[in-house]
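Please read the structure below before turning to the comments.
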Amino acid sequence: MRLIIKTISVAIVGLFVANAWALDPVSLEKQYASDAKQTASSSRGEKFFTSKQGKEWSCASCHGVPPTKEGKHASTDKSISPLAPAFNSKRFTDEAKVNKWFKRNCNDVLGRECSSLEKADVMVIGIRILQMGHRILHI
């Protein structure tokens, strides 16, 4: 009986912890912009997303332009789910995953971690697509 109660307790705590990390893309973008003490810019984000940044790739090399379809990693050929939240409801909803992938992908593109402002600028591109009611934007 104690084992059952312990198992149920752990499951309930796990649900609360998982939900604590679940965010919506707009809240996370605003958090990054606040950390940077600047407003995110879609025009700055579009330029950043499509330009090579010190290494041989841009964000668009793997995520595509616009980032509404499945992409493919430039060196591993692994498929990548759409970046835009309007086309992938799980995108930008788990802060730990977002930070993990920004760290990894920014290193691939920049050779360093992205700044909070760079993260906010990239996120605002996907959010803009979401707010436009799934219309595909030309970046």
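The number in my numbering is simply the position in the sequence shown, starting from 1, with 23 added. All C-beta atoms, glycine included, are put in the ideal place defined by N, C-alpha and C. Owing to the predicted nature of the structure, the values given are computational and were not obtained by experimental measurement.
- Count the CB pairs spanning the segment 57-72 and the segment 108-122 that are closer than 8 Å, and state whether there are at least three. The segment 57-72 makes no contact with the segment 108-122: fewer than 3 CB pairs, one atom from each, lie closer than 8 Å.
- Message: So, at 6 Å on beta carbons, what are the nonlocal neighbours of F110 in its own chain, with the 5 sequence-adjacent residues on each side left out?
- Response: The beta carbon of F110 lies closer than 6 Å to those of T91 in the same chain, with the five residues before and after it left out.
- Query: Below 7 Å between beta carbons: does that hold for D72 and A83?
  - Reply: Residue 72 is actually Phe in this sequence, not Asp. Taking 7 Å as the Cβ cut-off, F72 and A83 qualify as a contacting pair.
- Decide if V145 is buried, meaning its Cβ has at least 16 other Cβ atoms within 10 Å, or exposed. By the neighbour-count rule (16 or more Cβ atoms within 10 Å), V145 is buried.
- For L46 versus T99, is the C-beta spacing smaller than 7 Å? Not a contact, by the Cβ cut-off of 7 Å.
- Item | Rounded C-alpha distance that separates R67 from K78 | As the crow flies, the alpha-carbon of R67 is around 19 Å from that of K78.
- Helix, strand or coil: how does DSSP classify S104 here? Of the three classes helix, strand and coil, the one that applies to S104 here is coil, per DSSP.
- Item | Residues bridged to G94 [DSSP beta-bridge criterion] | In DSSP, G94 forms a bridge with I103.
- Item | Backbone CA spacing between A59 and S139 [nearest angstrom] | Spanning the two alpha carbons is a distance of roughly 5 Å.
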